[in-house]
Amino acid sequence: MPVQLYHHKLSAPARVVRIVAKQIGLSLEEKEIDLLSGEHMKPEFLAINPFHCVPTLVHDGFALWESRPICTYLVDKFAHGHSLYPTDLRKRATIDRWLYWDSGTFFSSLKAYYMPAIPGKSFQPEAAELFKKNASALDESLKNTKYVAGDKLSVADISITVTVTLSTAIGIDTSELKNVQKWLKQVETDLKPSTWQTLVIDPANGLADLLKSMASKSS
């Protein structure tokens, strides 16, 4: 049976899953959910995911949501042993640590900056400062490693890359973080042709434009 992914094209977490799938050569049956019209709250989607969030994966009757476990599941299931999520326990634990950091700390601080714009309020400058503090910690760590979790590209790099590039698109300047900038260039080189533009840069800019138009309503 096909692997189905319910997503929105501008969703950062959903884009992480789509990038990982491309890196392992997995074809997904993509089903776009219109979040702005409330499609994620319809009974048919709630029956799949009562938490009504994207991305949501369905594979052989198994439904899974939250982007980071979806990514690790896909690599384990369809590309077991791949360097994106290797079988070595310590390497895997290091990748998991960065995934949890991105989810619980890094991306969370970015969402705190832009989420108020969705109901038409303003971006939150104090949250931007917290995000930049977290980005500086990432920069410090990248002094010692080529990638966030060692010497090879992992699912954690892809997840954190999407976070950083979205922050740039919505106006948080981290260009002074030279280790982060060098690492981003490396990740761009590692991704398959066109993936960087179509799944990293273009949708980040698209979401940024949408958020700015929503925030302007409060002016």
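By the count of the UniProt record's numbering, the sequence shown reaches residue 219 at its end, each step adding exactly one.
Every residue, glycine too, gets a C-beta built ideally from N, C-alpha and C.
- Distance from the CA atom of ASP76 to the CA atom of HIS82, rounded to whole angstroms, is 8 Å.
- For VAL54, the secondary structure class from DSSP, reduced to helix, strand or coil, is coil.
- Judged by beta-carbon spacing, PHE107 lies beyond the 9 Å limit of ILE24, meaning their Cβ atoms are not closer than that value.
- Assigned with DSSP and collapsed to three states, LYS182 falls in helix.
- Within its own chain, the residues whose Cβ lies closer than 6 Å to the Cβ of LEU153, once the five positions on either side in sequence are excluded, are TYR147, ASP190, listed in chain order.
- Contact between the segment 4-14 and the segment 206-217 is present: three or more C-beta pairs spanning the two stretches fall below 8 Å.
- Excluding the 5 residues flanking it on each side, ASN134 has same chain C-beta neighbours closer than 8 Å at THR105, PHE106, SER109, in chain order.
- Here LEU36 is exposed. Its C-beta has fewer than 16 other C-beta atoms within 10 Å.
- Residue state for LEU36 is assigned as coil, using DSSP reduced to three classes.
- Under DSSP, GLN4 shares a beta bridge with GLU29, VAL58.
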